[in-house]
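Here's the structure we're looking at; comments come further down.
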Amino acid sequence: MKNGYSILLIVAACLLLEACAAAIVAGAGTGAVIAHDRRTFGTVIDDQNIELKMRRYTMQRKQLRDNTHVNFTSVNGIVLLSGEVQTDEQRKELLTAARAVAGVRRTVNQMNIAPLSSLGSRSHDVWLTGKVKARLAGDRRVDSTRIKVVSEASSVYLMGLVTRQEGADAADAARVVSGAKRIVKLFDYID
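Going by this note's numbering, the first residue of the sequence shown is number 472, and it counts up by one from there.
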């Protein structure tokens, strides 16, 4: 029983510390992939921390929590904000908040002022992301572990640190996936 309380206290303490929480998430989600990622481990942690701060910012504000559906994806300090907001003021607030987070180099606004997406639409995006990831993994020209794939409203966003040729090859591979209405390259080029 005493051991259970100790573990609970350690977990609670970690969750109170942003960096620790980000490290837990990053460690669980990127262990095998980090070896191929061109970002440093510290940058991976920073990206996780940026996403965590933006989710927390949204959840702490009732107006944003209840009236928006926005995903925050950070790769090498480039933050994609995708989804739906109800007003231009909400869009501006989220962009301003993202730009104020330490480590953010650039924001990419892909938020639409529109009704919140349905469960069916979100499920389709999850399915589409899986199809694109599978296509990239099956393409010999592409190291899929270096490409982050995000889908929103049938648009596919490709992110990562790549050469121009790797980016072009990844976009070509993603273009043939049925259900993708548009492919958006948000790469950070290393050449």
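For each residue, glycine too, the CB sits at the ideal point set by N, CA and C.
Sequence-distant residues of its chain with Cβ nearer than 7 angstroms to residue i (five each side left out)
i	result
R635	Y660, D662
S615	K604, L607, A608
R576	G548, I549
R646	I654
R526	F543
A499	Low confidence applies here, because A499 scores a pLDDT of 48, under 50, leaving its location unreliable; read the following figure in that light. So no residue of the chain qualifies.
Y528	A568
Bridge-paired residues (DSSP) for residue i
i	result
Q581	S553
V546	I549
R653	S626
H540	E555
K524	None, per the DSSP bridge assignment.
L632	D659
V620	L629
Reference residue i; option with closest CA among the options
i	options	result
G650	S625, L590, E564	S625
V648	A608, T616, T578	A608
A568	G631, V546, K524, D614	K524
D537	L599, D596, G638, P586	P586
S588	V556, G631, I521	V556
T578	I521, R646, T511, D640	I521
I584	L599, T558, K533, Y528	T558
R510	A639, G638, V633	V633
Spatial neighbours of residue i in its chain, beta-carbon cut-off 8 angstroms, leaving aside the 5 residues before and after
i	result
N542	L551, L552, S553, G554, V621, E623
N580	L552, R562, L566
T600	V620, V621, S622, V627
E489	A caution first: E489 carries a pLDDT of 46, below 50, which makes its placement in the model unreliable, though a value can still be read off. So the qualifying residues of the chain are N520, L523, K524.
Cβ pair residue i, residue j closer than 9 angstroms
i	j	result
T544	K619	yes
D517	G574	yes
T539	L566	no
A644	R612	yes
L657	Y628	yes
V572	M630	no
A641	D610	yes
Chain-order list of residues whose beta-carbon lies under 6 angstroms from that of residue i (same chain, five-residue window excluded)
i	result
R653	S626
M530	R536
R570	T578
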